[in-house]
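Per my numbering, the very first residue in the sequence shown carries number 24; after that it's consecutive.
What follows is a set of notes on a single structure, which appears directly below.
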Amino acid sequence: MKNNELRKKDIKELQKSVLENTKKLSDLRFKLSSNQLKNVKEMHNTKKEIARMLTIIKELSK
24 MKNNELRKKD
34 IKELQKSVLE
44 NTKKLSDLRF
54 KLSSNQLKNV
64 KEMHNTKKEI
74 ARMLTIIKEL
84 SK
(Lines of atoms letter the chains of each structure in order from A; the text may use other names.)
(Lines give C-alpha, C1' and ligand atoms only; values in the text may rest on other atoms or scores of the structure.)
Protein backbone atom coordinates (compact mmCIF):
# COMPACT_ATOMS: atom_id res chain seq x y z
CA MET A 24 0.00 0.00 0.00
CA LYS A 25 1.23 3.48 -0.80
CA ASN A 26 1.79 6.13 1.85
CA ASN A 27 -0.98 8.31 0.41
CA GLU A 28 -3.48 5.48 0.76
CA LEU A 29 -2.36 4.81 4.33
CA ARG A 30 -2.66 8.46 5.34
CA LYS A 31 -6.31 8.50 4.25
CA LYS A 32 -7.18 5.82 6.82
CA ASP A 33 -7.94 6.57 10.44
CA ILE A 34 -5.94 5.22 13.38
CA LYS A 35 -8.32 2.32 14.13
CA GLU A 36 -8.07 0.99 10.57
CA LEU A 37 -4.29 1.31 10.62
CA GLN A 38 -4.03 -0.57 13.90
CA LYS A 39 -6.21 -3.34 12.50
CA SER A 40 -3.97 -3.54 9.42
CA VAL A 41 -0.88 -3.72 11.63
CA LEU A 42 -2.37 -6.69 13.49
CA GLU A 43 -3.25 -8.44 10.23
CA ASN A 44 0.22 -7.90 8.81
CA THR A 45 1.83 -9.10 12.04
CA LYS A 46 -0.15 -12.34 11.75
CA LYS A 47 0.84 -12.60 8.11
CA LEU A 48 4.50 -12.13 9.05
CA SER A 49 4.20 -14.86 11.66
CA ASP A 50 2.76 -17.22 9.06
CA LEU A 51 5.53 -16.33 6.63
CA ARG A 52 8.17 -17.08 9.26
CA PHE A 53 6.56 -20.44 9.93
CA LYS A 54 6.51 -21.26 6.22
CA LEU A 55 10.14 -20.20 5.92
CA SER A 56 11.20 -22.52 8.71
CA SER A 57 9.34 -25.44 7.12
CA ASN A 58 10.79 -24.66 3.66
CA GLN A 59 7.39 -23.91 2.11
CA LEU A 60 8.00 -20.23 1.39
CA LYS A 61 8.81 -19.52 -2.25
CA ASN A 62 9.20 -15.73 -2.13
CA VAL A 63 11.48 -14.65 0.74
CA LYS A 64 11.17 -11.01 -0.35
CA GLU A 65 7.56 -11.08 0.84
CA MET A 66 8.77 -11.11 4.45
CA HIS A 67 10.87 -8.02 3.82
CA ASN A 68 7.96 -6.20 2.19
CA THR A 69 5.60 -7.08 5.05
CA LYS A 70 8.04 -5.76 7.64
CA LYS A 71 8.39 -2.49 5.74
CA GLU A 72 4.63 -2.12 5.43
CA ILE A 73 4.20 -2.62 9.18
CA ALA A 74 6.86 0.02 9.83
CA ARG A 75 5.11 2.47 7.49
CA MET A 76 1.81 1.98 9.26
CA LEU A 77 3.34 2.40 12.71
CA THR A 78 5.07 5.60 11.60
CA ILE A 79 1.82 7.07 10.29
CA ILE A 80 -0.01 6.04 13.49
CA LYS A 81 2.62 7.84 15.52
CA GLU A 82 2.34 10.96 13.35
CA LEU A 83 -1.46 11.02 13.61
CA SER A 84 -1.48 10.55 17.37
CA LYS A 85 0.52 13.74 18.00
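Cβ atoms here follow ideal geometry from the backbone N, Cα and C, with glycine treated the same way.
All values reported here derive from a predicted model rather than from experimental measurement.
CA nearest to the CA of residue i, picked from the options
i, options, result
"E28", "K85, E72 and S84", "E72"
"K47", "N68, K32, N58 and K35", "N68"
"S84", "N26, N58 and K35", "K35"
"K66", "K31, N44 and M24", "For the sequence presented, residue 66 should be read as Met rather than Lys. That would be N44, whose Cα lies nearest to the Cα of M66."
Unbroken alpha helix (DSSP H) run spanning residue i, endpoints
i, result
"N44", "I34 to S56"
"L83", "K64 to L83"
"L60", "Per DSSP, L60 belongs to no alpha helix (DSSP H) and is neither H nor E."
*Decide yes or no for the touch test of the stretch 37-49 against the stretch 67-85: beta carbon pairs closer than 8 Å, at least 3 of them.*
yes
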